[in-house]
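Notes for the one structure printed next.
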Amino acid sequence: MRVLGIETSCDETAVGLFDTNQGLLGHLTVTQTVHTAYGGVVPELASRDHVQKILPLIDALLKQTRTRSTELNGIAYTAGPGLAGALLVGATQAHGLALAWQLPTIGIHHLEGHLLAPFLEPQAPTFPFLTLLVSGGHTQLIRANALGQYQLLGDTLDDAVGEAFDKTAKLLGLPYPGGAALAALATQSRHPDRFRFPRPIQKKGLNFSFSGLKTAVVTLLKTLEPVSSEDKADIAKAFEEAAIDTLITKTLRALEQSALTQLVIAGGVAANQTLRTRLTHLALQQGFSVFYPRPTFCTDNGAMIAYAGALRLSRGESTTHLSIRPRWPLPVLSS
Ligand code: KG4
Ligand code: ZN
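Going by the numbering used here, the first residue of the sequence shown is number 3, and it counts up by one from there.
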C-alpha cells in the first residue's frame with residue numbers, strides 16, 4: 003500500500019510518500035517564513051501560505067518519486083490538533099484529491115504522527131514504550147501500548163518546552179521560532195556554569211512547568227543591562243541546561259514508575275542535540291533503549307503522517323467525511 007501524507011497543522015507545509023513494502027519513498031517540507039516579522043505564527047497568514055504551497059509540493063513529490071496518482075492507495079492528512087484554518091487546507095486538499103483519484107482518506111492525529119516517527123528509522127522500538135513528546139505546543143510523557151492506545155502520564159501545567167525555548171530565544175533577540183537558534187547560541191558559551199536557573203522538578207509526579215524558567219531569564223536580563231553577546235550565550239546555555247534537566251528528571255521517573263525499558267523522544271525539541279546526547283548516555287548507564295527520529299522527522303513533516311496513515315488504512319480504517327479537530331487529546335484516539 004502506497005500512501006501520500008499531508009501535514010499543514012501549523013507553519014510547515016509538508017508531504018511524504020510511504021509504501022508498506024518499500025518504506026519511505028520521499029518527503030518534502032517548506033517552512034513558512036511569513037511569520038518571522040511577527041515573532042510568532044499568525045494563523046491567517048499560515049492558512050494562506052499553505053494554500054499556495056500545498057499543490058506544487060504534492061506535484062513535486064510525485065515527480066521526484068516517479069509516482070503516478072494511479073499508483074497511490076490512499077491519502078492521509080493531519081486532522082488535528084493545530085490551527086483550524088491551516089488544518090482545513092490540508093484536509094480539503096486530501097479529500098479533493100481523493101475524490102478525483104478515487105482513493106480512501108484518513109485523518110491523522112498530529113501527535114500520533116510524531117510518536118510513530120521513530121518507526122521511519124532502521125532502529126525502531128516495539129510496543130509498549132514510553133514517549134517524551136516535546137514540541138512547540140506539547141510537553142507530554144505518554145505510555146504507548148499499541149497503535150491508537152496511548153495513556154497520558156505527564157503534561158505541562160503551563161508553557162510547552164518548545165514554547166519556552168522560543169520565548170527565551172525572543173528575549174535574547176533571536177528570530178522566531180528560536181529553539182534551534184538558541185541551542186546553537188548555547189554552544190558558543192565560554193562560561194557554561196556562570197548562571198544557574200531554577201529547576202522546578204522537586205514537585206512530585208510527572209507534570210512539567212516551564213513558565214518560571216522564562217521569568218527567571220527575564221529577571222536576570224534586567225540585572226545585566228546592557229546585555230553583551232557573551233552574556234546571551236551564557237544565558238542560552240544555562241536555560242538549555244535547566245530545561246533539559248527538567249525533561250530528563252521526569253522522564254527517568256516515568257521510566258522507573260512504568261517499568262518500561264524503551265524510550266522514544268519525538269517532536270521538534272527532540273532535535274536538540276544536548277538532549278539526545280544526554281539521554282543516549284543515560285540509556286547506556288541505566289540499561290534502557292532510546293529511539294529518536296532523524297532531526298528532520300522530529301520537527302513537523304509529511305513522512306510521519308504518511309506512515310501513520312498507511313498503518314491505519316491497512317487496517318481498513320478511513321475518514322469518509324472531511325473533518326478537522328483543532329483541539330484533540332491524544333488518549334481519546336480509537337485503537
Ligand atoms: O514539532 P514541531 O515542529 O511543531 C509543533 O508541533 O510544535 O516543534 C517545533 C518546536 C519549536 O518550539 C522549535 O523552537 C523547537 O521545536 N525546536 C527546538 C530545536 N529544533 C526545534 N528546540 C530546541 N532545540 C532544537 N534544536
Ligand atoms: Zn509537531
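Beta carbons are placed, not taken as given, at the ideal position from N, Cα and C, and that holds for glycine.
Here the structure is a predicted model, which is why all the values come from computation and not from measurement.
- Contact between Ile246 and Leu222 is absent: CB atoms are separated by about 18 Å, not below the 8 Å threshold.
- Comparing C-alpha distances from Thr128 to each of Lys206, Ile56, Arg145 shows the shortest one belongs to Arg145.
- The beta carbon of Gly115 lies closer than 6 Å to those of Met306, Ile307, Ala310 in the same chain, with the five residues before and after it left out.
- Each residue's CA atom was taken as its position, placing Val17 and Leu226 some 45 Å apart.
- The region 284-294 and the region 145-156 do not touch, with fewer than 3 CB-CB distances between them shorter than 8 Å.
- Segment contact: the region 30-40 against the region 270-277, fewer than three CB-CB distances shorter than 8 Å; contact not assigned.
- Val220 counts as exposed, since fewer than 16 other C-beta atoms from the protein chains shown sit within 10 angstroms of its C-beta.
- Counting only heavy atoms of ligand 1, the residues whose C-beta sits closer than 5 Å to one of them are, along the chain, Ser137, Gly138, Gly139, Gly164, Phe167, Asp168, Pro179, Gly181, Ala182, Ala185, Gly269, Gly270, Val271, Ala273, Asn274, Thr301, Asp302.
- Within the DSSP secondary-structure output, Thr15 pairs in a beta bridge with Val32.
- Relative to the non-hydrogen atoms of ligand 2, the Cβ of His116 comes within a distance shorter than 7 Å of at least one.
- Residue side-chain check: His52 keeps its Cβ at 7 Å or more from all non-hydrogen atoms of ligand 2.
- Inter-segment contact for the region 89-107 and the region 321-329 is present: three or more beta-carbon pairs are separated by less than 8 Å.
- The Cβ atoms of Leu19 and Thr69 sit closer than 8 Å to each other.
- Between Thr158 and Asn75, the CB-CB gap reaches or exceeds 8 Å.
- Counted as a single uninterrupted DSSP element, the alpha helix (DSSP H) harbouring Gly311 occupies residues 305-316.
- Proximity to Leu215 across Phe167, Asn23, Leu47 peaks at Phe167, based on C-alpha coordinates.
- Using a cutoff of 7 Å, the CB of His112 counts as near ligand 2, since one of the ligand's heavy atoms is closer than that.
- The residue from Gly84, Pro106, Ala86 with its alpha-carbon nearest to that of Ile77 is Pro106.
- By the criterion of at least three beta-carbon pairs nearer than 8 Å, the region 166-185 is in contact with the region 261-275.
- If you ignore the 5 residues before and after Ala244, its C-beta comes within less than 6 Å of the C-beta of Phe199, Arg201, Leu215, all in its own chain and listed in chain order.
- Counted as a single uninterrupted DSSP element, the stretch harbouring Gly207 is not any beta strand (DSSP E), since DSSP gives it neither H nor E.
- Residues of the same chain with a CB within less than 6 Å of the CB of Pro45, apart from the 5 flanking positions on each side, are Leu85, Gly87 in chain order.
- DSSP places Glu114 in the helix class (H, G or I) of the three-state scheme.
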